[in-house]
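In the numbering used here, the protein residues as written are 426 to 653.
Printed below as a string of C-alpha coordinates:
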(Lines of atoms letter the chains of each structure in order from A and count residues from 1; the text may use other names and numbers.)
(Lines give C-alpha, C1' and ligand atoms only; values in the text may rest on other atoms or scores of the structure.)
Protein backbone atom coordinates (compact mmCIF):
# COMPACT_ATOMS: atom_id res chain seq x y z
CA UNK A 1 0.00 0.00 0.00
CA UNK A 2 1.32 3.45 -0.91
CA UNK A 3 2.34 5.66 2.02
CA UNK A 4 3.48 9.28 2.12
CA UNK A 5 4.54 11.69 4.87
CA UNK A 6 2.43 14.86 4.69
CA UNK A 7 2.09 18.09 6.68
CA UNK A 8 -1.16 18.72 8.58
CA UNK A 9 -2.84 22.10 9.20
CA UNK A 10 -0.93 22.84 12.43
CA UNK A 11 2.43 22.26 10.70
CA UNK A 12 3.08 18.82 12.18
CA UNK A 13 3.53 15.75 10.02
CA UNK A 14 1.64 12.51 9.66
CA UNK A 15 1.57 9.51 7.34
CA UNK A 16 -1.13 9.42 4.64
CA UNK A 17 -2.43 6.23 3.01
CA UNK A 18 -3.90 7.34 -0.34
CA UNK A 19 -5.55 3.99 -1.13
CA UNK A 20 -7.64 4.28 2.04
CA UNK A 21 -7.79 8.09 2.13
CA UNK A 22 -6.73 7.68 5.76
CA UNK A 23 -4.04 9.26 7.95
CA UNK A 24 -2.28 8.21 11.13
CA UNK A 25 -3.39 11.54 12.65
CA UNK A 26 -5.93 14.23 11.84
CA UNK A 27 -5.20 16.27 8.72
CA UNK A 28 -6.50 19.24 10.73
CA UNK A 29 -3.46 19.01 13.02
CA UNK A 30 -1.60 15.94 14.26
CA UNK A 31 -0.17 17.54 17.39
CA UNK A 32 -3.37 19.45 18.16
CA UNK A 33 -5.39 16.23 17.97
CA UNK A 34 -2.94 14.31 20.17
CA UNK A 35 -2.99 16.98 22.88
CA UNK A 36 -6.74 17.44 22.82
CA UNK A 37 -7.83 13.80 22.78
CA UNK A 38 -5.12 11.87 24.57
CA UNK A 39 -3.43 14.42 26.84
CA UNK A 40 -6.14 16.91 27.86
CA UNK A 41 -9.04 14.45 28.07
CA UNK A 42 -6.92 11.41 28.91
CA UNK A 43 -3.66 11.91 30.80
CA UNK A 44 -4.50 15.27 32.41
CA UNK A 45 -7.99 14.07 33.29
CA UNK A 46 -6.63 10.97 35.02
CA UNK A 47 -3.78 12.81 36.79
CA UNK A 48 -6.29 15.30 38.22
CA UNK A 49 -8.66 12.55 39.42
CA UNK A 50 -8.98 11.09 42.89
CA UNK A 51 -7.90 7.74 41.49
CA UNK A 52 -4.44 9.10 40.60
CA UNK A 53 -3.73 9.70 44.29
CA UNK A 54 -3.81 5.94 44.84
CA UNK A 55 -1.03 5.11 42.40
CA UNK A 56 2.67 5.97 42.21
CA UNK A 57 2.72 5.69 38.43
CA UNK A 58 0.37 5.94 35.47
CA UNK A 59 0.13 2.78 33.39
CA UNK A 60 -0.90 3.56 29.80
CA UNK A 61 -1.82 1.25 26.93
CA UNK A 62 -1.79 2.72 23.44
CA UNK A 63 -3.77 0.94 20.74
CA UNK A 64 -1.90 1.90 17.59
CA UNK A 65 1.65 3.00 18.51
CA UNK A 66 2.17 4.22 14.94
CA UNK A 67 4.36 7.29 14.62
CA UNK A 68 5.10 7.47 18.35
CA UNK A 69 3.57 10.95 18.64
CA UNK A 70 1.28 10.12 21.56
CA UNK A 71 4.10 8.33 23.37
CA UNK A 72 6.50 11.24 22.81
CA UNK A 73 4.07 13.86 24.10
CA UNK A 74 3.30 11.63 27.10
CA UNK A 75 7.04 11.43 27.79
CA UNK A 76 7.25 15.24 27.75
CA UNK A 77 4.24 15.45 30.07
CA UNK A 78 5.82 12.95 32.47
CA UNK A 79 8.82 15.25 32.80
CA UNK A 80 6.64 18.37 33.24
CA UNK A 81 4.45 16.78 35.91
CA UNK A 82 7.17 14.71 37.60
CA UNK A 83 5.02 11.61 37.22
CA UNK A 84 6.21 8.11 36.35
CA UNK A 85 4.58 6.72 33.20
CA UNK A 86 4.73 3.04 32.33
CA UNK A 87 3.74 3.00 28.66
CA UNK A 88 2.79 0.01 26.52
CA UNK A 89 2.25 0.52 22.79
CA UNK A 90 0.63 -2.09 20.55
CA UNK A 91 1.37 -2.07 16.83
CA UNK A 92 1.07 -4.93 14.35
CA UNK A 93 2.72 -3.02 11.47
CA UNK A 94 5.57 -0.79 12.72
CA UNK A 95 6.33 2.44 10.88
CA UNK A 96 9.46 2.21 8.70
CA UNK A 97 12.71 3.87 9.80
CA UNK A 98 12.82 6.00 6.65
CA UNK A 99 9.40 7.43 7.56
CA UNK A 100 10.36 8.12 11.18
CA UNK A 101 13.22 10.42 10.16
CA UNK A 102 10.77 12.55 8.14
CA UNK A 103 8.48 13.23 11.11
CA UNK A 104 8.93 16.72 12.55
CA UNK A 105 7.44 16.37 16.04
CA UNK A 106 10.45 17.52 18.13
CA UNK A 107 10.79 20.63 15.94
CA UNK A 108 7.07 21.51 16.02
CA UNK A 109 6.89 20.87 19.77
CA UNK A 110 9.95 23.14 20.18
CA UNK A 111 12.00 20.44 21.89
CA UNK A 112 14.76 19.86 19.34
CA UNK A 113 17.06 19.02 22.25
CA UNK A 114 14.90 15.93 22.87
CA UNK A 115 14.98 14.59 19.31
CA UNK A 116 17.20 11.77 20.56
CA UNK A 117 14.38 10.65 22.88
CA UNK A 118 11.89 10.57 20.01
CA UNK A 119 14.32 8.46 17.99
CA UNK A 120 14.92 6.23 21.01
CA UNK A 121 11.19 5.42 21.20
CA UNK A 122 11.52 3.87 17.75
CA UNK A 123 15.04 2.45 17.96
CA UNK A 124 14.55 0.23 21.02
CA UNK A 125 13.76 -3.45 20.31
CA UNK A 126 10.16 -4.62 20.33
CA UNK A 127 8.62 -6.82 23.03
CA UNK A 128 11.11 -5.74 25.72
CA UNK A 129 10.92 -3.33 28.65
CA UNK A 130 13.04 -0.17 28.34
CA UNK A 131 13.65 2.97 30.38
CA UNK A 132 13.54 5.91 27.95
CA UNK A 133 14.01 8.72 30.48
CA UNK A 134 13.98 9.11 34.26
CA UNK A 135 10.15 9.29 34.24
CA UNK A 136 9.17 7.19 31.23
CA UNK A 137 9.26 3.43 30.67
CA UNK A 138 8.20 1.81 27.40
CA UNK A 139 7.40 -1.62 26.06
CA UNK A 140 6.32 -1.90 22.42
CA UNK A 141 4.26 -4.97 21.58
CA UNK A 142 4.43 -6.16 17.96
CA UNK A 143 1.07 -7.97 18.05
CA UNK A 144 -2.48 -7.59 16.76
CA UNK A 145 -5.01 -5.87 19.01
CA UNK A 146 -6.98 -9.12 19.16
CA UNK A 147 -4.01 -10.77 20.92
CA UNK A 148 -4.21 -8.53 24.01
CA UNK A 149 -5.03 -10.65 27.05
CA UNK A 150 -3.95 -8.50 30.02
CA UNK A 151 -6.41 -7.87 32.84
CA UNK A 152 -6.69 -5.18 35.51
CA UNK A 153 -3.39 -3.54 34.57
CA UNK A 154 -3.86 -0.10 33.02
CA UNK A 155 -5.09 3.26 34.31
CA UNK A 156 -5.50 4.75 30.86
CA UNK A 157 -5.94 3.57 27.27
CA UNK A 158 -5.25 5.72 24.23
CA UNK A 159 -7.41 4.10 21.56
CA UNK A 160 -5.85 5.43 18.35
CA UNK A 161 -6.54 2.74 15.77
CA UNK A 162 -7.32 3.53 12.13
CA UNK A 163 -10.92 4.64 11.71
CA UNK A 164 -13.91 2.32 11.64
CA UNK A 165 -14.54 3.28 8.01
CA UNK A 166 -11.42 1.39 6.88
CA UNK A 167 -10.90 -1.11 9.72
CA UNK A 168 -14.31 -1.77 11.33
CA UNK A 169 -13.03 -4.97 12.96
CA UNK A 170 -10.95 -2.85 15.37
CA UNK A 171 -14.02 -1.06 16.78
CA UNK A 172 -16.16 -4.00 17.88
CA UNK A 173 -17.54 -5.31 21.16
CA UNK A 174 -14.88 -8.04 21.06
CA UNK A 175 -12.05 -5.49 21.04
CA UNK A 176 -13.67 -3.16 23.59
CA UNK A 177 -14.24 -6.09 25.96
CA UNK A 178 -10.50 -6.66 25.85
CA UNK A 179 -9.99 -2.96 26.64
CA UNK A 180 -12.47 -3.13 29.51
CA UNK A 181 -10.69 -6.15 30.96
CA UNK A 182 -7.25 -4.55 30.58
CA UNK A 183 -8.23 -1.48 32.62
CA UNK A 184 -8.19 -1.22 36.39
CA UNK A 185 -11.35 -0.10 38.16
CA UNK A 186 -11.84 3.65 37.48
CA UNK A 187 -9.56 3.31 34.47
CA UNK A 188 -10.26 5.49 31.43
CA UNK A 189 -10.22 4.99 27.65
CA UNK A 190 -10.12 7.97 25.27
CA UNK A 191 -10.49 8.01 21.50
CA UNK A 192 -10.97 10.53 18.72
CA UNK A 193 -13.97 8.59 17.41
CA UNK A 194 -17.55 9.60 18.22
CA UNK A 195 -19.44 7.12 16.02
CA UNK A 196 -22.70 5.88 17.49
CA UNK A 197 -21.75 2.26 16.79
CA UNK A 198 -18.49 2.72 18.69
CA UNK A 199 -20.24 4.28 21.69
CA UNK A 200 -22.82 1.49 21.77
CA UNK A 201 -20.13 -1.21 21.59
CA UNK A 202 -18.35 0.40 24.55
CA UNK A 203 -21.55 0.62 26.58
CA UNK A 204 -22.48 -2.98 25.82
CA UNK A 205 -19.26 -4.30 27.40
CA UNK A 206 -19.73 -2.21 30.54
CA UNK A 207 -18.18 1.22 29.97
CA UNK A 208 -19.81 4.47 31.06
CA UNK A 209 -19.31 6.69 28.01
CA UNK A 210 -19.15 10.49 27.72
CA UNK A 211 -19.31 12.58 24.58
CA UNK A 212 -16.79 15.43 24.73
CA UNK A 213 -15.94 18.31 22.37
CA UNK A 214 -13.67 17.01 19.66
CA UNK A 215 -10.32 18.29 18.34
CA UNK A 216 -10.13 20.64 15.36
CA UNK A 217 -12.14 19.18 12.48
CA UNK A 218 -14.29 16.92 14.69
CA UNK A 219 -17.41 17.88 16.61
CA UNK A 220 -17.13 15.21 19.30
CA UNK A 221 -14.88 12.50 20.78
CA UNK A 222 -15.51 9.78 23.36
CA UNK A 223 -14.21 9.04 26.86
CA UNK A 224 -15.15 5.74 28.51
CA UNK A 225 -14.68 4.81 32.18
CA UNK A 226 -14.66 1.38 33.85
CA UNK A 227 -16.45 1.75 37.18
CA UNK A 228 -16.86 -1.93 38.07
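Ideal Cβ placement from N, Cα and C applies to all residues, glycine included.
Quick one, are the C-beta atoms of residue 503 and residue 561 less than 8 Å apart?
Against a cut-off of 8 Å, the Cβ pair of residue 561 and residue 503 comes out as a contact.
Could you give the C-beta distance for residue 466 and residue 637, rounded to a whole number, given that I count them as a contact under 8 Å?
Right, the Cβ-Cβ distance comes to about 6 Å (below 8 Å), so this counts as a contact.
At which residue ranges does the region 497–578 contain complete beta strand (DSSP E) runs of 3 or more residues, listed in the order of the chain?
You should have 509–515, 554–558, 561–566.
With a 10 Å radius around its C-beta and 16 neighbouring C-beta atoms as the bar for buried, classify residue 517 as buried or exposed.
Under this definition residue 517 is an exposed residue.
DSSP state of residue 630, grouped into three classes?
Reduced to three states, the DSSP call for residue 630 is coil.
Is any heavy atom of the ligand SAM found at a distance shorter than 7 Å from the C-beta of residue 498?
As far as ligands go, the structure on display features none, and thus does not contain the ligand SAM.
Would the region 571–590 and the region 469–488 be scored as touching if the rule is three or more Cβ pairs under 8 Å?
Cβ pair count under 8 Å is three or more, so yes.
At which residue ranges does the region 581–616 contain complete alpha helix (DSSP H) runs of 4 or more residues, listed in the order of the chain?
Segments of the alpha helix (DSSP H) lying fully in the region 581–616: 598–607.
Just to confirm the assignment, what range does the alpha helix (DSSP H) spanning residue 488 have?
Unbroken run through residue 488 is the beta strand (DSSP E), 482–488; no alpha helix (DSSP H).
DSSP state of residue 431, grouped into three classes?
In the structure shown, residue 431 sits in a strand (DSSP, three-state: E or B).
Tell whether a beta-carbon distance below 8 Å holds between residue 472 and residue 508.
Yes, the Cβ-Cβ distance between residue 472 and residue 508 is below 8 Å.
From residue 649 to residue 522, what distance separates their C-alpha atoms?
Taking the straight line joining both Cα atoms gives about 34 Å.
Under 8 Å: do the region 543–555 and the region 604–613 share three or more Cβ pairs, one atom per stretch?
Flag = no, the region 543–555 and the region 604–613 do not touch.
Here's a check: name, in chain order, each residue in its chain whose Cβ is nearer than 8 Å to the Cβ of residue 624, leaving out the five neighbours to either side.
These residues qualify, in order along the chain: 634, 636, 647.
Just curious, the beta strand (DSSP E) that residue 440 is in, first and last residue?
Residue 440 -> beta strand (DSSP E) spans 438–442.
For residue 577 and residue 609, which I take to be in contact (beta-carbon distance under 8 Å), what is that distance rounded to the nearest angstrom?
Confirmed, about 5 Å.
For residue 461, which option in 643, 475, 505 has the closest C-alpha, if you only look at C-alpha atoms?
For the residues 643, 475, 505, the minimum Cα distance to residue 461 belongs to 643.
With a Cβ-Cβ cutoff of 8 Å, do residue 482 and residue 591 count as a contact?
Contact: no.
Which same chain residues end up closer than 6 Å to residue 639 when comparing Cβ atoms and leaving out the 5 residues on each side of it in sequence?
Correct list, in chain order: 645, 646.
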